[in-house]
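These notes concern the structure reproduced below.
Chains as they are written, first to last, in our numbering: chain U, 1 to 200; chain E, 1001 to 1155.
Take a look at the structure:
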């Protein structure tokens, strides 16, 4: 029991010692280092101020970008609904026209062959003579296969159109940001680290 | 090295995509129309196509006969694949043929065609004959149409 009390009291002593000694080793808060503007590459307060203004200018450009940028998801849905629509929205009208016309031609050709196949297939279903049954079936089968092939190509173009809508939109947004930056640089009033610059 | 691996990976992805498209196209083109006609012997294995009519002949009525007619004769088919015969007539080899008679007995081997459309003169009649087999619920399946040498009816 006595041994337990001894160990207990020595533990308390060590704890108290640590409580007093550790704060002595702690580093004091350096207000000078904290407020030192040169550590970020700024020479003085004016430099920091100019950087701030630049940052706020960039943020306002970002707002313009957010307003003018094309959302990728929306363009995917547009292109999935009407092939080429996403490209048109991203101002790639040549690409959009090409995709839309290719899709229309392929679907139109597929429908044409489908119609031919179905008219022969109806005759096949009504036929009662062995040779006619076979002839009408063959006459229906070939255009049906062409129709399927055209539909396959149309599906490929449709898939490519969605893939392209993503790429075109991303390219459009990249170019838009570049243009916004260029436009801001061509403004008459420029805010630079050297100060406010006005061009006439 | 890294670029080479990336290039190869990209190539392999493109190759896989092209292969997928090829398989898709082949699959789509191999899809066929359903043989839904109940009389189609390929679509329905229970259907038997009637045999073509053998040895068909056409004989015109004799000169000065009061009633002009054409008598058709043939070798009767096996009743297992035949329920009767259809007789067609055309005014030329490549003209359209009209059904002029039906014989509802497989064992029958003749048909006499007469009436207002059977006229004597300086022209030929072209006959064809085919056998048919009756399938309840589906109708008559007609076999190949056998041609008969043209016949002229004398005055």
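Note that beta-carbon positions come from the ideal geometry of N, C-alpha and C, so glycine has one too.
- One Cα belongs to residue 1067 of chain E, the other to residue 138 of chain U, and the distance between them is close to 45 Å.
- Here residue 121 of chain U really is in contact with residue 140 of chain U; their C-beta atoms are around 4 Å apart, less than 8 Å.
- DSSP places residue 1039 of chain E in no alpha helix (DSSP H); its state is neither H nor E.
- Put simply, the backbone Cα of residue 1041 of chain E is about 53 Å away from that of residue 73 of chain U.
- Annotation: the continuous alpha helix (DSSP H) that includes residue 46 of chain U extends over 45 to 68.
- Note: residue 1125 of chain E is bridge-paired with E:1151 in the DSSP secondary-structure output.
- Interface residue (Cβ-Cβ distance to chain U less than 8 Å): residue 1078 of chain E is not classified as such.
- Note on geometry: alpha-carbon atoms of residue 142 of chain U and residue 117 of chain U lie some 7 Å from one another.
- At a cut-off of 8 Å between beta carbons, residue 102 of chain U makes no contact with chain E.
- For residue 106 of chain U, no beta strand (DSSP E) encloses it; the enclosing alpha helix (DSSP H) starts and ends at 93 to 126.
- Taking 7 Å as the Cβ-Cβ cut-off, the segment 1130 to 1147 of chain E approaches chain U at 1139, 1140, 1141, 1142, 1143 and 1144, given in chain order.
- Between residue 79 of chain U and residue 165 of chain U, the CB-CB gap stays under 8 Å.
- Between the alpha carbons of residue 1094 of chain E and residue 158 of chain U lies a distance of about 49 Å.
- Secondary structure note for residue 1057 of chain E: its beta strand (DSSP E) is the uninterrupted segment 1054 to 1060.
- Linking residue 1139 of chain E to residue 1059 of chain E through their CA atoms gives a straight-line distance of about 31 Å.
- Beta-bridge partners assigned by DSSP to residue 1089 of chain E: E:1098 and E:1127.
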